[in-house]
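**Student:**
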Amino acid sequence: MRVATREGVRIVTVPAVRDRSDVGTYDNAVKNMLGGVNPMRRYGQEAGVNLASFDGATIQGFIGASDELQTLSLLTDEKELTARYYTGELRYEQIYAQTS
């Protein structure tokens, strides 16, 4: 999965089902933010996922071909996510890395 972490956008093998689900939900929150949907609603407010609920969130996974499980912090800074999007580093056609 492609994941925007505090250390940059990484291709991560995420073994835990819960973490994969969290990445998918986080991905939707980032899409909402980039699309102009109120990105920083407080947790519990209505209307979809929000980026604020991922402040401090982490997932565990393997980066690239590494066999070392790492804990990665999800990127929630709106300005940095926007900058990564406009430089082409962060695109959301899909969150899964292309394999062919």
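Note that numbering that gives the first Met the number 0 has the sequence shown beginning at 0, numbered continuously upward. All C-beta atoms in this analysis are idealised placements derived from N, C-alpha and C, irrespective of residue type, glycine included.
What residues in its chain sit with their C-beta under 8 Å from that of E88, if we drop five residues either side in the sequence?
**Tutor:** Once the five neighbours on either side are set aside, the close Cβ partners of E88 are G7 and V8.
**Student:** Would you identify the three-state DSSP class for V11, choosing helix, strand or coil?
**Tutor:** Strand at V11.
**Student:** At what residues does the beta strand (DSSP E) containing A82 begin and finish?
**Tutor:** Looking at the DSSP string, A82 is not in any beta strand (DSSP E); the run it does join, the alpha helix (DSSP H), is E77 to Y85.
**Student:** Of all the options A64, F61 and D76, which has the alpha carbon lying nearest to the alpha carbon of A28?
**Tutor:** The shortest C-alpha separation from A28 is found at D76.
**Student:** Can you give me the Cβ contacts of V13 inside the same chain, cut-off strictly under 7 Å, excluding the 5 residues immediately before and after it?
**Tutor:** For V13, where only same-chain residues beyond five positions count, the Cβ hits under 7 Å are M0, R19, V22, I58 and G60.
**Student:** Would you list the one or two residues that DSSP bridges to S72?
**Tutor:** The partner list for S72 (beta bridge, DSSP) reads T57.
**Student:** What does the alpha-carbon distance come out to for the pair D66 and R5?
**Tutor:** If you take the alpha carbons of D66 and R5, they lie about 21 Å apart.
**Student:** Could you please give me the residues that DSSP links to A3 through a beta bridge?
**Tutor:** Bridge partners of A3: V8.
**Student:** Since I believe L71 is in contact with V11 (beta carbons under 8 Å), could you give me their beta-carbon distance rounded to a whole number of angstroms?
**Tutor:** Indeed, because the Cβ distance is near 7 Å, the residues count as touching under 8 Å.
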